[in-house]
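Heads up, the thing below is written out as structure tokens.
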Amino acid sequence: MSTTAELLKGAAELFPDEVVTQAHVRHLDLPFGAGRFALVTLDNGLDHTKPTTFGPQSLANLNAAVDQVEQEALAGSIVGAGITGKPFIFAVGADLKGVELLKKHDEALAIGKGGHDVFKRLSTLTVPTFAYYNGAAMGGGVEVGLHCTYRTVSKAIPAFSLPEVFLGLVPGWGGCALLPNLIGADRAVSVIIENSLNQNRQLRGKQVFDLGIADALFEGADFLEQSLLWTANVLNGTTEVVRADVDRGEAWDAAVARGRAIADSKVHGAAPAAYRALEIIEAAKDGDLQKGFDAEDAALADLIMGGELRSGIYAFNLVQKRAKRPAGAPDKNLARPVTKVGVVGAGLMASQLALLFLRRLEVPVVLTDIDQERVDKGVGYVHAEIRKLLDKGRINRDKANRLTALVTGVLDKAEGFADADFIIEAVFEEMSVKQKVFAEVEAVAPAHAILATNTSSLSVSEMASKLEHPERVVGFHFFNPVAILPLLEIVRGERTDDASLATAFGVARKLKKTAVLTKDAPAFVVNRILTRFMGEIQNVIDEGTPVATAEKAIEPLGLPMSPLVLLELVGPAIGLHVSETLNRAFPERFTVSPNLRRVVEAGKRGFYVYDSGAPVLDPEVAALLVQGDSVLTEEQVRDRVLDAVAQEIGLMLEEGVVAEAQDIDLCLITGAGWPFHLGGVTPYLDREGVSERVNGKKFLAPGLASVPA
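If you read the sequence shown in the working numbering, its first letter stands for residue 237, the second for the next number, and so on.
Given below as structure tokens:
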């Protein structure tokens, strides 16, 4: 039987590049004569931009610190022990870079067991233990505190979570077993399942306290000092910690059932992590913690060796790392400053863009449109949104006044754009309209101004072709809703120069968007893939497959919404327009659905009605559909759709639409909300054998989103 030290030593040899966290032990005399106290501080020696993590050597360091504290407790030289973090960071859990390197089930099992063996020692010391959540705490960072006797939390914490299910894991160092036994199964399901599957929603300090995870809440400025005062009062009996009883009856079972319903609605059984976590929560009802820890070890090892986790880590790395260094972006030193922004159009999309530029850049923003009523409506929208931010306390009165003063609207483009550095159009998606707008803007804008288009599918090169200076035109394609979806497709036209492109990327950074460089190809990335995807769904419906079968076929992917609900969100008319654009470019692969055309011509906003609360096929739409007699099964539909997507991605990579398959996945995750457990889509296509069936090869190298060979 390996000791914890031997387990961790073996794991550390597999991970030589670990950023090691130290566990510094210092001693202090608590106030009110409460006695001598050992405080362990977790610190990797780097600032808060490099959060503290637990790799195998880091766990070994904590284990050694606990050895010391244990001896002191047995000797009677301390009355208690606490654990806290470096400034702004408590700890953010397991080091995922190390998890990626694991090749065998027993190696994965050792990581789970090693973490448990170290953490649970905090609950078996002969003195009370305290966790002081002073800063960001996630995953194993939260769990190490759950093993302590008491916990305090800072009001200033911006991020506290158990995000494992989001990535394709379970909270595997005590979270699934301890949390429901501390705060009840229903609240634990909210933290472990619901928050994770809602785009990894974070808790703030007060929420952590209100949920009962922490026993006391203190201001950030003197958090540790107040925590130690509270600790002294707990130890000398002045303060009594009272926790609510946990309901181990029907409420526990109802909570697990609620968790399953949430998982079903989000991943439709397509990813195992949420269900494994719920099994452990369900079994934790009897309070047998060791049985729960053993189940966590087994689940952790199984999931670490599974494709969903590897896809999840791959997706996490795309969003956290690749997004910050866009492939193909020019030298950022070429970027020109942007001190004023012009927006052509004042409709809803244009107004959303104006608000975003205003909030992020805090420079003058001017809107134009064809009549004063439209201009006033656009400016009014921005002013109203600023008022909402003020009312919610998101900005103060001074900032609200400043932002309100910075946004204006004019009819005359010469008046509005004569000193603008960046001008973006968001007018009707018609080439002749956009060319006319750009000609008018070029005539009045300064020579250095970037001319950006928010087109979703039209050629940027063609749009710029009649201008004197086409080199300053760039595609700048946002996704709706602008404030929520992070993706920004930056499109390089045939004659776009490096300075214009660098300026566009510089603006994207300030807008806090995930910018991906794309070639000027029809519909760029997301809309091209989604249109091929949707087109195949519409084809099988047109050919005779029932709507319900076609929709249900895609459920195992765990996408954020079904294809026809997505079409409703986009708008059938826009969907039809994009399919027509792509049909002209690639008639052999992109069809224009006669049924979709009928729906649009009938003025229908979607395929469903929601009178009962759930989507039901609109009888009026059903009456419009003309179908053939070829009926496919769900599996046949799914194969056909996935084959089409794999073929299209293969062709896009051959054409050089983006630098690599990773950029396709980054676009689908940040622009279409495709789930982490698919890794976007190419890891899933590789894992399911679709890539090789269609293209004769996988999209990704072994180990990139899979277990290393």
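Note that CB positions come from ideal geometry on N, CA and C, so glycine has one too.
Treat the numbers as computed from the prediction; the structure is a model and nothing was measured.
Which class does Ala602 belong to by DSSP, given the choice of helix, strand or coil?
Here residue 602 is Val; the residue named in the question, Ala, does not match the sequence. Per DSSP, reduced to three states, the secondary structure at Val602 is strand.
Cβ-Cβ separation, Phe826 to Phe402 (assumed contact under 8 Å), whole Å
The beta carbons of Phe402 and Phe826 sit about 34 Å from each other, so the pair does not count as a contact at 8 Å.
In whole angstroms, what is the alpha-carbon distance linking Val806 and Ser693?
Roughly 14 Å separates the two Cα atoms.
Which residues in the same chain have their Cβ closer than 6 Å to the Cβ of Met237, if we skip the five residues on either side of it in sequence?
Any reading at Met237 needs caution, since the residue's pLDDT is 45, under 50, leaving its predicted position unreliable; the model's value is listed next. Its chain contains no residue whose beta carbon lies nearer than 6 Å to that of Met237 once the 5 sequence neighbours on both sides are disregarded.
Are the Cβ atoms of Gly404 and Gly548 separated by less than 8 Å?
In this structure, Gly548 lies closer than 8 Å to Gly404 by Cβ.
DSSP bridge partner residues for Ser501 (one or two, in chain order):
Looking at the DSSP assignment, Ser501 forms no beta bridge with any residue, so it has no partner.
In this structure, does DSSP put Glu725 in helix, strand or coil?
Reduced to three states, the DSSP call for Glu725 is strand.
According to the neighbour-count rule (16 or more other Cβ atoms, all chains shown, within 10 Å of its Cβ), is Ile720 buried or exposed?
Residue environment for Ile720: exposed (fewer than 16 other C-beta atoms within 10 angstroms of its C-beta).
Quick one: grab the DSSP three-state call for Lys245.
Here Lys245 sits in helix by DSSP.
Tell me which same chain residues have a C-beta within less than 7 Å of the C-beta of Asp342, skipping the five on either side of it?
Sequence-distant Cβ neighbours of Asp342 in its own chain, meaning closer than 7 Å and more than five residues away, do not exist here.
Please classify His961: is it buried, with 16 or more other beta-carbons within 10 angstroms of its beta-carbon, or exposed?
Residue 961 is absent from the structure shown; the chain starts at 237 and stops at 945.
Suppose the cutoff is 7 Å on Cβ atoms and the five residues either side in sequence are ignored; what does the same chain contact list for Tyr386 look like?
Pro364, Phe366, Asp451, Val470, Val477.
Helix, strand or coil: how does DSSP classify Ser736 here?
Here Ser736 sits in helix by DSSP.
Taking its Cβ as the centre, do 16 or more other Cβ atoms sit within 10 Å of Ser463, making it buried, or is it exposed?
Burial state of Ser463 is buried, judged by a 10 Å Cβ sphere holding 16 or more other Cβ atoms.
Does DSSP put Asp922 in a helix, a strand or coil?
Helix at Asp922.
By Cβ distance, which residues of its chain are closer than 8 Å to Ala656, with the 5 residues on each side in sequence left out?
Once the five neighbours on either side are set aside, the close Cβ partners of Ala656 are Lys576, Val577, Gly578, Val602, Ala681, Pro682, Ala685.
Per the contact definition of three or more C-beta pairs closer than 8 Å, is the segment 533-550 in contact with the segment 425-437?
Verdict: no, contact absent.
Between Asp500 and the rest of its own chain, which residues show a CB-CB distance below 6 Å, the 5 nearest in sequence each way excluded?
Here Asp500 has no same chain residue with a Cβ atom under 6 Å from its own Cβ, once five neighbours each way along the sequence are excluded.
Buried/exposed call for Asp901, threshold 16 Cβ in 10 Å:
With 16 or more Cβ atoms within 10 Å of its Cβ, Asp901 is classed as buried.
Give, in chain order, every unbroken run of the alpha helix (DSSP H) that is at least 4 residues long and sits entirely within the segment 888-916.
With a minimum length of 4 residues, the continuous alpha helix (DSSP H) runs that stay inside the segment 888-916 are 897-908.
Using the three-state DSSP reduction, which class does Gly377 fall into: helix, strand or coil?
Correct three-state label for Gly377: helix.
So, under 8 Å CB-CB, Gly410 and Phe326 are touching, yes? Tell me the CB distance rounded to an integer number of Å.
Contact between Gly410 and Phe326 fails: their C-beta atoms lie close to 15 Å from each other, not under 8 Å.
May I have the straight-line CA-CA distance separating Arg512 from Val801, to the nearest angstrom?
Spanning the two alpha carbons is a distance of roughly 29 Å.
For the segment 926-937 and the segment 870-880, state whether three or more C-beta atom pairs, one from each stretch, are separated by less than 8 Å.
These segments touch.
To the nearest angstrom, how far is the alpha carbon of Ala735 from that of Phe712?
Roughly 15 Å separates the two Cα atoms.
DSSP bridge partner residues for Gln258 (one or two, in chain order):
Paired residue(s): Asp279.
Applying the 10 Å Cβ sphere with the 16-neighbour rule, what's the burial state of Asn280?
Answer is buried; the Cβ neighbour count reaches 16.
Sort Thr689, Asp854, Phe396 by Cα distance to Phe445 and report the nearest one.
Selected option, being the one with the closest Cα: Phe396.
Going by CA-CA distance only, name the one from Lys557, Thr691, Gly645 that's closest to Lys333.
In terms of Cα proximity to Lys333, the closest of Lys557, Thr691, Gly645 is Lys557.
By the three-class DSSP mapping on this structure, what secondary structure does Asp422 have?
Asp422 falls in the helix class under three-state DSSP.
Span of the beta strand (DSSP E) holding Tyr369?
Judged by DSSP secondary structure, Tyr369 falls within the beta strand (DSSP E) whose first and last residues are 365-369.
Run through the segment 535-609 for me and flag every whole beta strand (DSSP E) of 3 or more residues, listed as ranges in chain order.
Those beta strand (DSSP E) runs which fall completely within the segment 535-609 and span 3+ residues are 577-580, 601-604.
Residue burial classification, Ile606 (beta-carbon count within 10 angstroms, cutoff 16)
The residue in question, Ile606, is exposed, as its Cβ has fewer than 16 Cβ neighbours within 10 Å.
Would you kindly report the start and end of the unbroken beta strand (DSSP E) that includes Ser390?
Judged by DSSP secondary structure, Ser390 falls within the beta strand (DSSP E) whose first and last residues are 386-390.
For a quick check, are the C-beta atoms of Ala662 and Gly581 less than 8 Å apart?
Yes.
Best match in Asp530, Phe552, Thr475 for proximity to Gly915 [C-alpha to C-alpha]:
Of Asp530, Phe552, Thr475, the residue nearest in Cα terms is Phe552.
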